[in-house]
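Scroll down for the structure; my scribbles are underneath it.
Residue numbers (UniProt numbering): 1 to 346.
The following block contains the structure:
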């Protein structure tokens, strides 16, 4: 790491201390001149870990300066920003990678291999979500800054799913979206529509060009167990991670539950990323999917390969924010753009 930029001096000091503890040289630090860092010749990759509303424009500036970018979720907030990151990445030839760690959960990586093997048959439906009572988490940890502040303060939309990628990303991969199929339309609705975004329960139904369906939910405030659902249904089987792992295949004499599911997947549906799973576990990484995600990105950049999440994927998954707001406000289905094609004429 050669440079760090943050508006808060405290955050810069913490970054410096962390790097020093790892025996790394002190980076250039700035609280104001991030654009100067983009122009440095020794910067190859820019990680954008700022507030949601600056993700897209900082990524665009970095790519225009010739840098690859890795961006925290969501990639963008508005549909226009989604098209901007696609347009600029294509024009500059720079990699835009969305740091959607749920796509690198070992359970999901093995589920992808199981789907690819055909043992689930033809996939018909998926369910994904981000169900996490952040209000309770905030109270328990006496957080100084509300975890949901970026959702309720200054957000351009007052309805819809403001945080879709943890749920939609894994489902899109399981359904082969942008790899043989695509989402064509969605319908969104919310419980408690009079409440701020962070206190609503958003439910979205999506349809694909091949007639398959997906359910996407967001709930940050009701007292329920953490869940991302992670369910996939095919003509020959069913697999889910939450609330507890369950696998049912027509080729198995009985269903598997709990730890037996992960054991079966690791043995019968190994992933090319298993080496990074094992590395992360050996190093005692708290959340191994973050380690796998970072290792995958660096490996792709070093070898000139395309990462598992393309800029078109990032744009599609993030476009759910505005599209779901439109659907909820009109109480109608809305079409989903095809980000693999050129931007429609305006």
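In this text, a Cβ means the ideal position worked out from N, Cα and C, and glycines have one as well.
Since we're looking at a predicted model, the values are computed, not measured.
- Counted as a single uninterrupted DSSP element, the stretch harbouring residue 154 is not any beta strand (DSSP E), since DSSP gives it neither H nor E.
- Taking 8 Å as the cut-off, the Cβ atoms of residue 268 and residue 160 do not count as close.
- With 16 or more neighbouring CB atoms inside 10 Å of its own CB, residue 101 falls in the buried class.
- DSSP places residue 3 in the uninterrupted beta strand (DSSP E) bounded by 3-5.
- Spatial neighbours of residue 108 in its own chain (CB-CB distance under 6 Å, excluding positions within 5 residues in sequence) are listed in chain order as 170.
- Counting C-beta atoms within 10 angstroms of its own C-beta, residue 163 has 16 or more neighbours from the protein chains shown and is therefore classed as buried.
- With three or more CB-CB distances shorter than 8 Å, the region 116-135 counts as touching the region 226-236.
- Secondary structure of residue 345 (DSSP, three-state): coil.
- Annotation for residue 63: the continuous alpha helix (DSSP H) segment containing it runs 55-64.
- Residue 76 carries a coil assignment under DSSP once its states are collapsed to helix, strand and coil.
- By the criterion of at least three beta-carbon pairs nearer than 8 Å, the region 33-44 is in contact with the region 1-21.
- A distance below 8 Å separates the beta carbons of residue 75 and residue 85.
- Between residue 311 and the set 167, 332 and 338, the nearest pair of CA atoms involves 338.
- Secondary structure at residue 124: strand, using DSSP grouped into helix, strand and coil.
- By the C-beta density criterion, residue 289 is buried, having at least 16 other C-beta atoms within 10 angstroms.
- With three or more CB-CB distances shorter than 8 Å, the region 173-192 counts as touching the region 206-219.
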